[in-house]
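Asks: Numbering (the working numbering), first residue to last: 87 to 493.
Here a beta-carbon is modelled for each residue, glycine too, at the ideal position from N, C-alpha and C.
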Amino acid sequence: MSDSGATSLPGLATLADVGRDAVRGGYSRHLFDDADRTLREWFVERASRIGLDVERDRNGNLWAWWGAPGPDALVTGSHLDSVPGGGAFDGPLGVVSALDALERLIASGASPGRPVAVVVFAEEEGSRFGVACLGSRLLTGGIAPERALRLVDAEGHDLAEVLAGAGVDPAHVGRDEQALGRIGLFVELHVEQGRGLVDLGAPIGLAAGILAHGRWRLIVRGQGNHAGATPMGDRRDPMVVAGALIARVPELAAAHPGSRATVGRVTAVPGGTNVIASRVDVMLDARAEDDATTRALVAEIADCAAAAAAERGCTVELVEESWADRVEFAPSPRAELAAALGGPPVLATGAGHDAGVLAPLVPTAMLFVRNPTGVSHAPEEFASAEDCAAGVDALEAVLRSRLRGAA
Ligand code: HGY
Ligand code: MN
Ligand code: MN
């Protein structure tokens with residue numbers, strides 16, 4: 087199945103050619119790269135066209151307001167950035183659906199009776215700077231500004247430089263009490279990343295919670311050398327250690343039911359075909375039902391790496407790059423959303439979201455839209471036009487039910 091997501095909602099069709107990745111397939115849209123800038127321009131234009139006032143907060147997140155910004159705001163939205171070679175829906179479906187739902191509410195003559203906003207969070211995937219949900223973490227104080235500003239992308243640009251280049255003053259990033267204090271309820275609509283709704287035969291669901299999850303860098307160091315001049319017995323090859331530890335990850339994860347551990351990225355230094363690497367960075371993504379299990383799994387993987395390294399005269403250093411506690415979405419407002427939607431299924435997810443970052447601080451809920459393949463973070467990610475339309479209907483119904491004026 088190709089990424090035919092472009093046809094599932096008119097708003098997605100508008101974005102269909104933005105950030106296409108000719109090498110990986112799918113889309114690569116990363117913080118303030120050309121694709122992200124184009125998507126942000128699209129958002130401002132579309133939001134302005136339906137009468138919303140758009141502002142960018144101190145952390146680079148975009149907020150499109152129906153009415154003046156103020157307390158007890160009803161906020162919906164998601165992100166526009168992607169993983170490398172990602173699908174068309176992860177993020178943009180939530181933003182397009184939010185704009186569509188507000189356009190309908192405004193056109194219906196509803197009076198909000200409270201501030202309403204669509205938010206686009208920056209760098210949700212952490213694809214450029216390595217930390218997931220960077221924009222919402224900065225907003226909530228989930229990451230120290232000094233640490234965030236030092237984050238470096240693959241080309242060696244740090245976040246401070248990239249923000250400044252986009253007109254965001256690095257000196258002002260950090261917890262934004264005013265923006266946070268305004269949020270009365272945040273509702274994020276997102277394509278389901280899994281087969282829960284498919285198996286239940288339902289187009290729409292509500293989120294129960296999010297696995298604890300994080301990202302770690304295992305730095306394996308050995309001795310760089312010549313691939314031809316170095317006898318096999320004279321090597322301290324970190325790539326061999328990386329291979330040994332990666333091969334053990336599935337069985338270590340399987341020992342913790344429900345957990346997931348993935349190595350999706352390995353970087354060798356210097357990275358020559360005829361060169362024994364001196365260093366190999368193994369990027370680990372690990373997730374489990376609770377914080378302690380996730381950390382225990384990572385510790386077991388690190389122990390396995392250390393043993394493999396010791397056997398081969400190498401060393402391993404474990405660096406935590408991103409962490410998110412397990413999230414349980416509160417029964418309220420979930421119950422109110424369920425009432426507005428006639429009691430859709432409630433399902434857990436292994437995917438992280440900005441809603442998970444906000445949930446401990448403000449009333450938060452998530453809506454899922456069925457994904458027939460269950461595949462995500464790949465070009466095959468999909469949701470049908472019917473289910474996307476059902477998603478917009480559901481989001482409109484939820485928002486309408488939370489307005490304080492005439493619905
Ligand atoms: O990695 C995640 O779970 C999310 O897609 N950022
Ligand atoms: Mn994602
Ligand atoms: Mn997402």
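Considering glycine 350, what are the terminal residues of the beta strand (DSSP E) in which it resides?
Replies: As a position in the sequence shown, residue 350 is number 264, starting the count at 1. Note, glycine 350: beta strand (DSSP E), 346–355.
Asks: Can you tell me where the alpha helix (DSSP H) holding arginine 200 begins and where it ends?
Replies: Locating residue 200 in the sequence shown gives position 114, counting from the first residue. Run containing arginine 200: none; DSSP gives neither H nor E here.
Asks: Beta-carbon within less than 7 Å of arginine 334's beta-carbon, same chain only, minus the 5 sequence neighbours each way: which residues are those?
Replies: As a working mapping, residue 334 is identified with position 248 in the sequence shown. The residues are Cys390.
Asks: Would you tell me roughly how many angstroms separate the C-alpha atoms of alanine 246 and arginine 233, rounded to the nearest one?
Replies: For the purposes of this step, residue 246 is taken as residue 160 along the sequence shown, with counting starting at 1. For the purposes of this step, residue 233 is taken as residue 147 along the sequence shown, with counting starting at 1. Between alanine 246 and arginine 233, the C-alpha separation is close to 10 Å.
Asks: Under the rule that 16 or more other beta-carbon atoms within 10 Å means buried, what is asparagine 457, buried or exposed?
Replies: For the purposes of this step, residue 457 is taken as residue 371 along the sequence shown, with counting starting at 1. Buried, by the Cβ-count rule.
Asks: State buried or exposed for serine 168, treating a residue as buried only when at least 16 other CB atoms are found within 10 Å of its CB.
Replies: Residue mapping note: residue 168 aligns to position 82 of the sequence shown, counting from 1. Serine 168 should be labelled buried.
Asks: Just to confirm my understanding: we take glycine 137, look at its own chain, exclude 5 residues before and 5 after, and list those with CB closer than 8 Å. What are they?
Replies: Indexing the sequence shown from 1 puts residue 137 at position 51. Closer than 8 Å at the Cβ level, and outside the excluded window around glycine 137, lie Trp152, Ile192.
Asks: When every heavy atom of ligand 3 is checked, does at least one fall within less than 8 Å of the C-beta of serine 418?
Replies: Here residue 418 refers to the residue found at position 332 when the sequence shown is read from its first residue. Serine 418: no, Cβ never under 8 Å from ligand 3.
Asks: Provide the residue(s) that pair with isoleucine 362 in DSSP beta bridges, ordered along the chain.
Replies: In the sequence shown, residue 362 corresponds to position 276, counting from 1. Note: isoleucine 362 sits in a beta bridge opposite Asn311.
Asks: For alanine 344, verify whether its CB is less than 8 Å away from any heavy atom of ligand 1.
Replies: For the purposes of this step, residue 344 is identified with residue 258 of the sequence shown, where counting begins at 1. It should be pointed out that residue 344 corresponds to glycine in this sequence rather than to alanine. Flag unset: Cβ of glycine 344 not near ligand 1.
Asks: Determine the closest residue to glycine 270 out of Pro449, Leu453, Ala471, Ala483, with distance taken between C-alpha atoms.
Replies: Within the sequence shown, residue 270 is the residue found at index 184, counting from 1. Looking at the Cα atoms, Pro449 is the closest of the given residues.
Asks: Using only the heavy atoms of ligand 1, determine whether one of them is closer than 8 Å to the beta carbon of glutamate 211.
Replies: Taking the sequence shown and counting its residues from 1, the one referred to as residue 211 is at position 125. Checking every heavy atom of ligand 1 against the Cβ of glutamate 211, one is found closer than 8 Å.
Asks: Taking the C-alpha atoms as reference points, what is the distance between aspartate 479 and aspartate 323?
Replies: In the sequence shown, the residue the question calls residue 479 occupies position 393. In the sequence shown, the residue the question calls residue 323 occupies position 237. Computed Cα separation, rounded: 56 Å.
Asks: Any idea if valine 109 is buried or exposed, counting beta-carbon neighbours within 10 angstroms, 16 or more meaning buried?
Replies: Your numbering for residue 109 matches position 23 in the sequence shown. Per the 10 Å Cβ criterion, exposed.
Asks: Can we count alanine 437 as close to ligand 3, meaning its CB is less than 8 Å from some heavy atom?
Replies: By 1-based counting over the sequence shown, the position of residue 437 is 351. Yes, the Cβ of alanine 437 comes within 8 Å of a heavy atom of ligand 3.
Asks: Could you compute how far the alpha carbon of aspartate 89 sits from the alpha carbon of alanine 434?
Replies: Counting from 1 along the sequence shown, the entry for residue 89 is found at position 3. Counting from 1 along the sequence shown, the entry for residue 434 is found at position 348. Because the pLDDT at aspartate 89 is just 45, under 50, the model does not fix this residue reliably, and the point stays unresolved.
Asks: Looking at valine 349 and ligand 1, is the gap between the Cβ and the nearest heavy atom below 8 Å?
Replies: As a first step, residue 349 must be located in the sequence shown, where it is residue number 263. No, the beta carbon of valine 349 sits no closer than 8 Å to any heavy atom of ligand 1.
Asks: Taking the DSSP output, what are the residues bridged to histidine 299?
Replies: By 1-based counting over the sequence shown, the position of residue 299 is 213. According to DSSP, which records beta bridges pairwise, histidine 299 is partnered with Arg373, Ala410.
Asks: Should glutamine 264 be counted as a contact of ligand 1 given a C-beta to heavy atom distance under 8 Å?
Replies: Your numbering for residue 264 matches position 178 in the sequence shown. Not so, every heavy atom of ligand 1 lies at least 8 Å from the Cβ.
Asks: Measure the beta-carbon distance from alanine 574 to methionine 325 and round it to whole angstroms, keeping in mind my assumption that it falls under 8 Å.
Replies: In the structure as shown, the chain begins at 87 and stops at 493. Residue 574 is therefore absent and cannot be evaluated.
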